Amino acid sequence: MVNTIDPNKTFLALPSDQDASGRTLGREEIELVSEVIRSGTLTSTKGTYVKELEQKFAELIGVKHAYACASGSAAVHVAVAAVDPEPGDEVITTSITDMGALSPILYQGAVPVFVDVDPRTWNVTAETIEAAISDRTKAIIVTHLFGNPCEMTEIMALAQRHNIPVIEDTAQSFLATHNDQVVGGIGDIGCFSFQQGKHITAGEGGIVTTNDDAFARRMQLFINKAWGYGDPKPDHYFLAPNYRLTELQGAVLVAQLAKLKPVVARRQETAHQLTEKIQDLAGIQTPWIGDRNTHVFWKYCLRVDDTVIPGGAVALAKWLKENYGIFSAPRYIQKPAFRCEVFRDQRTFGDSRFPFDRARPEAVDYSADKFPATFRGLEEILVLPWNEAYGDKHIAYIAEALIDAIDHLSHTV
Ligand SMILES: *Cc1c(COP(=O)(O)O)cnc(C)c1O
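15 is the number of the first residue of the sequence shown in my numbering; add one for each residue after it.
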């Protein structure tokens with residue numbers, strides 16, 4: 015890579031969440047995993063670590079029940095299955111999220127109904143949700159994007175008025191709070207991911223949380239082929255996969271969970287340091303955080319103003335990569351989810367188009383004019399990678415890079 019400004023400049027390598035440099039994996043995880051291997055019990059149906067994880071996680075989030083499962087996508091699937099929509103029922107969701115939050119809706123035979131977002135946070139709002147509620151709405155799924163909570167007070171009030179359960183996709187927002195309440199424990203069900211790049215990890219993995227005993231029962235069953243473990247006359251009660259976590263993952267996650275609070279605190283501390291250094295720069299805006307919320311910085315997301323920085327987020331990302339070796343992601347996702355082929359062309363089960371074949375036309379109307387903030391947002395977003403191993407020198411380096419970039423790219427300087 016040639017640095018166009020200074021060919022002799024050496025890049026500072028930022029810690030990465032894809033390897034040990036940006037993860038908290040260490041001796042504690044190795045000890046517990048070794049213990050599992052020595053025991054010879056690798057399944058959670060007989061072992062103790064997944065159970066310990068579930069109990070400690072429920073305590074941490076402040077809910078009655080938590081059940082571990084294979085991934086964050088599996089967690090969302092478990093949540094939708096708990097709500098048990100009829101084929102063609104509708105689930106309101108966002109088009110700026112991970113596909114793992116969306117495909118489970120289709121697998122359960124429900125129709126995802128996309129709504130627009132708050133232009134400041136790119137999160138869905140009570141207002142955008144309300145416009146999409148119909149007599150077929152069976153659930154609302156909200157993603158707390160990048161670790162920044164949705165305005166849950168208004169969303170819960172709306173949902174309760176219509177008697178619709180709220181599923182929180184908390185994959186990016188461990189321990190984020192709204193009104194001092196931890197997300198994942200505010201809605202009816204919370205869904206977390208332990209994928210490699212999340213706050214804590216076992217490579218893959220997920221967990222669902224709830225205070226509702228009926229949802230809890232269905233979720234536990236759904237993870238376990240709907241087999242009634244412990245029942246007097248167990249059976250396979252309904253259609254369900256095996257979404258269990260292994261004891262190997264459970265052991266890693268018991269060790270990881272003990273590190274979660276410091277991980278979150280560290281990410282917040284360095285994020286605030288960066289915000290202080292760059293908040294006055296023209297052409298970029300630091301993360302907007304509602305005054306009832308705390309942000310836990312899964313990623314640090316800038317808003318780039320292309321009227322000040324020609325070429326916008328894409329030009330800024332290119333410049334950061336070439337001149338500082340910093341890999342950022344314009345847009346986060348390449349296009350709104352509803353523009354992906356699975357939704358656009360309704361590619362699901364054979365040629366059936368199921369469940370889209372049962373959808374109200376309005377529910378699958380993806381006209382761009384319904385989603386102004388979504389399209390605008392994807393133009394403006396620049397995602398900086400973030401993790402708990404960042405220190406003062408990394409923050410100073412990122413700030414210097416941004417100041418330098420804007421100096422070179424901006425009209426105003
Ligand atoms: C990561 C993620 C998922 C999916 O989790 P996996 O563990 O990768 O299946 C779902 N929703 C959001 C918002 C995510 O960030």
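Glycine residues also receive a C-beta, built at the ideal position from the N, C-alpha and C atoms.
Quick caveat: nothing in here was measured; it's all calculated off a predicted structure.
Beyond the five residues adjoining it in sequence on each side, Arg232 comes within less than 8 Å, by CB distance, of Ala95, Ala96 and Asp98 in the same chain, given in chain order. The C-beta separation of Leu416 from Ile298 comes to about 7 Å, placing the pair in contact by the 8 Å criterion. Unbroken alpha helix (DSSP H) runs of no fewer than 4 residues, entirely contained in the segment 324-372, are found at 326-338 and 355-358, following chain order. Rounded to the nearest angstrom, the Cβ distance from Leu392 to Leu330 is 15 Å, too far for a contact under 8 Å. For Tyr81, the pairing in a beta bridge is given by DSSP as Val222.
Across the structure, Leu67 and Lys349 are spaced so that their CA atoms are roughly 36 Å apart.
In chain order, Asn225 place their CB closer than 6 Å to the CB of Lys78, counting only its own chain and leaving out the 5 sequence neighbours on each side. Rounded to the nearest whole angstrom, the C-alpha separation of Ser148 and Ser187 is 29 Å.
Between the C-alpha atoms of Glu43 and Ser30 there is a straight-line separation of about 19 Å.
Counting the other Cβ atoms within 10 Å of the Cβ of Leu253 gives fewer than 16, which makes it exposed. Looking at the backbone, the Cα of Arg37 and that of Gln210 are separated by about 9 Å. The residue among Asp183, Val278, Val277 and Pro301 with its C-alpha nearest the C-alpha of Leu288 is Pro301. In chain order, Ile214 place their CB closer than 6 Å to the CB of Gln270, counting only its own chain and leaving out the 5 sequence neighbours on each side. A contact is defined here as three or more CB-CB pairs under 8 Å, and the segment 376-387 fails this definition with respect to the segment 299-319. Where Asp418 is concerned, the enclosing alpha helix (DSSP H) starts and stops at Asp406 to Leu423. Taking 6 Å as the cut-off, one finds at least one heavy atom of ligand 1 near enough to the beta carbon of Ser85. Taking the Cβ of Thr111 as the reference point, at least one heavy atom of ligand 1 falls within a distance shorter than 6 Å.
The three-state reading of DSSP puts Leu398 in strand, counting E and B together. Contact fails between the segment 258-269 and the segment 103-118, because fewer than three Cβ pairs, one in each stretch, are under 8 Å apart. According to the DSSP assignment, Gly264 belongs to the alpha helix (DSSP H) that extends over Glu261 to Leu271. Residue burial annotation: Pro246 is exposed, with fewer than 16 other C-beta atoms found within 10 angstroms of its C-beta. Nearest to Leu189 by C-alpha distance, out of Arg353, Phe311, Tyr404 and Ser424, is Phe311. For the beta strand (DSSP E) assignment, the uninterrupted runs of no fewer than 3 residues enclosed by the segment 42-109 are, from N- to C-terminal side, 79-83 and 104-108. Judged by beta-carbon spacing, Glu168 lies within the 7 Å limit of Ala140, meaning their Cβ atoms are closer than that value.
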